[in-house]
Amino acid sequence: MVAITTSAENRVLLQNISWQTFKTMLAEMGSERNSRFAYDDGTIEIMTPQMPHENSNRVIEAFVGVLCEELGWEIKRAGSLTLTRDDLKKGAEPDSSYYIQNEALVRDKENIDIAIDPPPDLVLEVEYSRSAIDKLRLYAAMGVPEFWRYNGSVLRVYTLAGGQYSEVETSPTFAPVSVKEIPGFIQEAKKNGEIATTRAFRAWVQQKISDGKQ
Numbered sequence: 001m002v003a004i005t006t007s008a009e010n011r012v013l014l015q016n017i018s019w020q021t022f023k024t025m026l027a028e029m030g031s032e033r034n035s036r037f038a039y040d041d042g043t044i045e046i047m048t049p050q051m052p053h054e055n056s057n058r059v060i061e062a063f064v065g066v067l068c069e070e071l072g073w074e075i076k077r078a079g080s081l082t083l084t085r086d087d088l089k090k091g092a093e094p095d096s097s098y099y100i101q102n103e104a105l106v107r108d109k110e111n112i113d114i115a116i117d118p119p120p121d122l123v124l125e126v127e128y129s130r131s132a133i134d135k136l137r138l139y140a141a142m143g144v145p146e147f148w149r150y151n152g153s154v155l156r157v158y159t160l161a162g163g164q165y166s167e168v169e170t171s172p173t174f175a176p177v178s179v180k181e182i183p184g185f186i187q188e189a190k191k192n193g194e195i196a197t198t199r200a201f202r203a204w205v206q207q208k209i210s211d212g213k214q
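First residue of the sequence shown? That's 1 in the UniProt record's numbering, and the numbers climb one at a time after it.
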């Protein structure tokens with residue numbers, strides 16, 4: 001067992017674990033927990049978020065909601081939805097996940113199975129400390145179209161093509177808004193408050209959309 005502890009998150013790594021053992025752990029621990037699991041190639045990572053990690057996650061979630069609202073997209077927030085594929089023997093619980101383009105396909109579903117349902121259109125991982133599991137490979141295998149990684153200062157955006165992720169400057173979902181500027185608003189929220197900053201973010205998004213139409 002390997003453990004990494006920071007002020008933002010705790011990570012515990014278990015190796016040489018079978019897929020069935022992982023599935024049993026998920027079932028026995030249930031959904032009423034704060035920790036998030038990931039499994040790939042016999043390795044389990046258990047991440048427990050602390051305040052900086054969880055606050056960043058929630059603030060970004062609020063901004064994603066604003067982006068969808070201003071761009072006219074519907075959204076289904078799936079949170080740390082447990083994503084498992086028995087055929088791939090891979091599993092993950094992202095910090096946040098969203099159905100946007102495929103929202104209508106899962107709108108009324110209480111249980112989502114990505115073996116038959118589409119995966120989330122966007123997943124976010126907050127990683128103040130880098131995960132020992134290759135999340136790019138993990139979510140690419142699951143077919144997640146867009147992946148965001150935030151490390152406390154930089155937001156990186158990846159899009160899926162040909163089974164692999166490539167880092168891009170602009171989110172295809174939220175063009176013409178530069179979502180890579182979101183970290184600046186996260187820092188602003190620490191000074192001015194989340195509600196005031198969300199208002200400022202909305203005004204900024206509206207201006208970017210208006211500029212894009214000119």
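Here a beta-carbon is modelled for each residue, glycine too, at the ideal position from N, C-alpha and C.
Secondary structure note for TYR98: its beta strand (DSSP E) is the uninterrupted segment 96-99.
Distances from the alpha-carbon of LEU14 to those of GLY143, LYS23 and VAL2 put VAL2 closest. Taking C-beta atoms under 8 Å as the contact rule, SER96 and LEU136 fail to qualify, at a distance of about 17 Å. With fewer than 16 other Cβ atoms inside 10 Å of its own Cβ, GLY193 counts as exposed. THR48 sits in a strand when the DSSP states are folded into three classes. Nearest C-alpha to THR48 among SER131, SER178 and ILE100: SER131. The C-alpha of ASP134 lies about 25 Å from the C-alpha of ASN102.
Runs of the beta strand (DSSP E) lying entirely within the segment 66-154 and spanning at least 3 residues, in chain order: 83-85, 90-92, 96-99, 122-126 and 146-150.
Beta-bridge pairing by DSSP links ASN10 to THR5 and THR48. Two segments are said to touch when three or more pairs of C-beta atoms, one from each, lie closer than 8 Å; by this definition the segment 77-93 touches the segment 34-42.
In this structure, DSSP gives VAL177 a state outside helix and strand, which the three-state scheme calls coil.
Approximately 14 Å separates the beta-carbon atoms of VAL168 and VAL154; this is outside 8 Å, ruling out the contact.
In this chain, SER210 is not harboured by any beta strand (DSSP E); it is covered by the alpha helix (DSSP H) spanning 194-213. Unbroken alpha helix (DSSP H) stretches of 4 residues or longer found wholly inside the segment 15-44: 19-29, given in chain order.
The criterion of a C-beta distance shorter than 8 Å is not satisfied by SER166 and ILE4.
When DSSP states are grouped into helix, strand and coil, SER171 belongs to the coil group. Residue environment analysis places ILE46 among the buried positions, since at least 16 neighbouring C-beta atoms fall within 10 angstroms of its C-beta. Distance between PRO52 and LYS109, taken at the CA atoms: about 31 Å. A straight-line Cα-Cα distance of about 31 Å links ASN151 and GLU28. An exposed status is given to ALA196, since fewer than 16 other beta-carbon atoms sit within 10 Å of its beta-carbon.
Taking C-beta atoms as the reference points, ALA78 and TYR98 count as a pair closer than 8 Å.
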